[in-house]
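Numbering (this note's numbering), first residue to last: 4 to 156. To start, the structure itself, in structure tokens.
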């Protein structure tokens with residue numbers, strides 16, 4: 004039986020976890036926010052990530068929400084040293100205002116809990132997912148035919 008796998012890309016979530024000056028100034032959150040405190044993490048998630056998940060009827064918004072959600076779910080299930088390293092690299096970018104939480108995996112789980120509180124993040128069968136693992140692929144661009152063919156099994 005053939006099926007289309009869910010396309011995910013860990014790089015699609017990395018870029019939405021850290022914020023720059025403009026977003027920080029608009030949020031009203033102090034730049035000295037202690038990111039190891041679960042309550043501060045929740046404030047951060049609600050201020051910067053949750054607004055991307057407001058109810059929308061625009062196809063691009065819905066597509067973004069789905070791709071982010073499934074990529075986050077996938078990362079939580081396959082979390083390893085590579086993902087940890089990539090996340091640390093993203094948090095170290097010069098535009099980042101807030102210090103990274105010490106436990107990045109727990110932070111990703113908190114993102115899931117805040118955004119999707121009634122849904123499990125565990126995946127029963129990873130074969131249903133196709134990880135692009137490529138920072139050059141924008142989530143809003145159409146996928147090249149080669150990738151579309153690879154995901155179909």
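All C-beta atoms in this analysis are idealised placements derived from N, C-alpha and C, irrespective of residue type, glycine included. Predicted model only: the values in this text are computed from it and were never measured.
* **residue 13 versus 128, 83 and 122, residue with shortest Cα-Cα distance** => 83
* Asked: From 109, 112, 100 and 129, pick the residue whose C-alpha is nearest to that of residue 35; which is it?
  -> 100
* **Anticipated Cβ contact below 8 Å, residue 56 with residue 19, distance rounded** => Incorrect: roughly 11 Å between the Cβ atoms, too far for contact.
* **DSSP bridge partner residues for residue 134 (one or two, in chain order)** => 11
* Asked: Relative to the ligand PLP, is the shortest distance from any of its heavy atoms to the C-beta of residue 113 smaller than 8 Å?
  -> You won't find the ligand PLP in this model; it holds no ligand whatsoever.
* Close Cβ partners of residue 1 (< 8 Å) along its chain, the five nearest in sequence each way excluded -> It is not possible to answer for residue 1, since the shown part of the chain is limited to 4 through 156.
* To do: Could you tell me the distance, in whole angstroms, from the CA atom of residue 76 to the CA atom of residue 96?
  => 24 Å
* Asked: So, are the CB atoms of residue 51 and residue 26 less than 9 Å apart?
  -> yes
* Asked: Where does residue 129 land, buried or exposed, given buried means 16+ other C-beta within 10 angstroms?
  -> Here residue 129 is exposed. Its C-beta has fewer than 16 other C-beta atoms within 10 Å.
* Asked: I think residue 124 touches residue 90, with their Cβ atoms under 8 Å apart; what is that distance to the nearest whole Å?
  -> That belief does not hold up - the Cβ atoms of residue 124 and residue 90 are roughly 16 Å apart, past 8 Å.
* Backbone secondary structure at residue 71 - three-state DSSP -> Of the three classes helix, strand and coil, the one that applies to residue 71 here is helix, per DSSP.
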